[in-house]
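Numbering (this note's numbering), first residue to last: 801 to 1127.
Built from N, CA and C at the ideal position, the CB exists for glycine as well.
These numbers were taken from a predicted model, which means no experiment stands behind them.
Here's the structure, in structure tokens; my notes come after.
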Amino acid sequence: HTHIVFGGDRAQEYADRLNGTPYEEIAKRGGGILFTMKETHEAGTEKLFEDGRERIQRLHSYGVGTIEIKSGYGLSFEKEKEISLVIARLKKHFSPQIQIFNTYLAAHDVPKTFSSSADYLDQVVLPLLKELAPLNIIDAVDIFHEKNYFTDDDTKRLFKLAQDLNIPRKIHADELNSNGGTELAIAYSALSADHLLKISDEGINQLVGSQTVATLLPGTAFFLGKPLAPSRKMLDAGVKVAIATDYNPGSCHCDNLLLIASISAAQLKINQAELWCAITHNAAHALGKLDQGVLAVGMKPRFTLFKADSVSHITYNWGKNFSVSLP
């Protein structure tokens, strides 16, 4: 779970948050995702590609061999198309050394030029997905299901089209409010429901035994100073939990998965086995890669070599890069 094709940065927004301005207020005055949309529109295709390439190389330097990249900072028909094509180009550029998963997240926010989320869906999100689908470059669709962003009905319409096109579903769910995003994910057999800071007990109960992975992004909550997702409750209930960076310009500008792993171990109250399963086996399942992420007969694992005395040393040393190479 990353959002690494974007223009500009949001360092000033970070300073504003440290001064006490909440993210929701920043977004209302033109900051947040819409600010990055503006910066991304001003960046040319080659700039987006080169910046994306450098970010992927940094992620790879920490031993990461599979990267999901979501679109979502174009928020117009042409720019979202351009970003999806840039991700496809990055995927080809790094194959087979790095495996890239291209997720279509045009439903990331609603530009102010549209009257409603439904209007934006009708004019951009759905028709563009129909245009991109025959190119076979989209690995999954995603949507930011949240109050003041995209509704239950928006999500159902996008997921129904994705089902018709045989494209897997993912969802940003229950991050700012508990509003049934997890339940929608399960109803449409989504690969994953991500964030889940405000997931309900019913959402947790429904995840148990489902094929939907709960992808937690503790770096985002840590960066924003918000309470973390109830990871221990999920794990104890039997939920399949994955952990990712959510590397993006606004709410988690961190490309170090090993640092995120250290934060997870300390703050999510999970043990080493649960942690490493979350960033390998379960992370692979969150991308529909059921034959990866584990060393077993018939599987296709990808290997990273760490120069460390044990896996515990990797998370014990916060932020240190133990990666030696990735074949």
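- Where GLN899 is concerned, the enclosing beta strand (DSSP E) starts and stops at 899-907.
- Between GLY807 and LYS870 the beta-carbon gap is near 15 angstroms, outside 8 angstroms, which marks them as no contact.
- Per DSSP, the beta bridge partners of ASN1048 are CYS1052.
- Proximity to GLU854 across PHE901, THR866 and VAL805 peaks at VAL805, based on C-alpha coordinates.
- For VAL1039, the three-state secondary structure derived from DSSP is coil.
- With respect to the 8 angstroms criterion, ILE971 and LEU961 are not classified as neighbours on the basis of their beta carbons.
- At the C-beta level, THR836 and ARG810 come within 8 angstroms of one another.
- For the pair GLY1050 and ILE833, the CB atoms are nearer than the 8 angstroms cut-off.
- The alpha-carbon separation between ALA940 and ALA1061 amounts to approximately 25 angstroms.
- Remark: C-beta atoms of ALA907 and VAL925 approach each other more closely than 8 angstroms.
- The residue among PHE1103, GLY844 and TYR904 with its C-alpha nearest the C-alpha of LYS930 is TYR904.
- Taking a contact to require three or more Cβ pairs closer than 8 angstroms, the segment 870-882 and the segment 811-823 do not qualify as touching.
- Per DSSP, reduced to three states, the secondary structure at ARG1102 is coil, with no helix or strand assignment.
- Residue nearest to ILE1079 within the set LEU1016, LYS881, GLY820 and THR845 is LEU1016 (criterion: CA-CA distance).
- GLU975 carries a coil assignment under DSSP once its states are collapsed to helix, strand and coil.
- At a Cβ-Cβ threshold of 8 angstroms, GLY863 and SER1123 count as neighbours.
- Counted as a single uninterrupted DSSP element, the alpha helix (DSSP H) harbouring GLU878 occupies residues 877-894.
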